[in-house]
Each structure stands twice: as structure tokens, then as C-alpha cells.
Amino acid sequence: MRYLVISPCVDARTGKEFAAGDEFLPEPDTAQAERLIKAGCLDFIPDGAPLLPGTDHADAVVVDLRDQLARANDTIIGLNERVGQLTAANDDLAEAGKNIAAKLEAARNELIAATGDLNTLRAERDQLEQQVKDLTDSLKGEDGPAEPAAAKPAKQRS
Numbered sequence: 104m105r106y107l108v109i110s111p112c113v114d115a116r117t118g119k120e121f122a123a124g125d126e127f128l129p130e131p132d133t134a135q136a137e138r139l140i141k142a143g144c145l146d147f148i149p150d151g152a153p154l155l156p157g158t159d160h161a162d163a164v165v166v167d168l169r170d171q172l173a174r175a176n177d178t179i180i181g182l183n184e185r186v187g188q189l190t191a192a193n194d195d196l197a198e199a200g201k202n203i204a205a206k207l208e209a210a211r212n213e214l215i216a217a218t219g220d221l222n223t224l225r226a227e228r229d230q231l232e233q234q235v236k237d238l239t240d241s242l243k244g245e246d247g248p249a250e251p252a253a254a255k256p257a258k259q260r261s
């Protein structure tokens, strides 16, 4: 595994001093690498990291890492734009939801009022039906069953 020095450090085995941007050679053992990474002195160099012609190895690694950083920044910018779009869409949906909720509340209130009106009309109808029944019963009780009036003979004209 290759390691890039990102903060000045000293190899405890050899006493060799490293500056930021150097490759840590000879490669440290696993325990030493873990300590130096945790301390913020080293980072991994990706396997197969390309080297640029005419530059030393450390410069090529730095250039490659900067390219990776630029790509990561471009990705972050794209994601930030997408988050902005999704936030705007979410806000639009929330506003539409408020409008729908207001319409639903108005419809609910109208239904409650109509139900009240319907119940009032039903009660009035029931009262009228009772009055008709009472009147009909009353008429039957006074004169007996009502008979149709006898037809009067028509006058003849001469």
C-alpha cells in the first residue's frame, strides 16, 4: 500500500523526515500506518494512481488528488443544485397540500351545514306528516268516513 504524506512527519524507524506531498517510503508497517493516518500525517494513495510524465512521483500524486477533489466538488455542486430543486418541489407540494386542506375544510363545513339543513327539513316533513295524519284521523272521527258529495243533476237548457 502506498501512502502520501499530508502533514510533515518523521519515520520512527529510520529518522527520515517527510514533508507534505512526499510519498512515505519505505512503506510503514500496518500499525505505524494506522498511527500516522489517525494523527493526520498520512493518507492512502489509490492503487493505480496515474503519474504524469516529467514530474516526480509526489507531484503526480498531488495532481491526481487535486483532480479527484475537483471531481468531488463538481459532484457536490450538482447534488446541491438537485437538493435545491427537490426543496423547491417539496415547498410547492406543501403549498398545494395547504390549498387542498383548505378546500377540504370548506367542503367539510358545507357538508355539515347541508346535513343540518337536511335534518331540519326531515323534522319539518315528519311534523307535517303527523299533522296530516292527525287531521285525517280527526275528520274520520267526526263524520265517520268521508263520502264523496253527490253529484247534482245538470240543468237542461231549453
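To convert a position in the sequence shown, counted from 1, into our numbering, add 103.
Where a beta carbon is used, it is the ideal one built from N, C-alpha and C, also for glycine.
In the DSSP assignment, Ile109 falls outside any beta strand (DSSP E) and carries neither an H nor an E. At the C-beta level, Leu107 and Ile148 come within 8 angstroms of one another. Note that the C-beta distance between Ile109 and Asp146 is below 8 angstroms. With a cutoff of 8 angstroms on beta-carbon distance, Gly124 and Val165 are scored as near each other. When the Cα atoms are used, Asn222 and Lys206 turn out to be separated by approximately 24 angstroms. Per DSSP, Leu139 is one residue of the alpha helix (DSSP H) stretching across Thr133 to Lys141.
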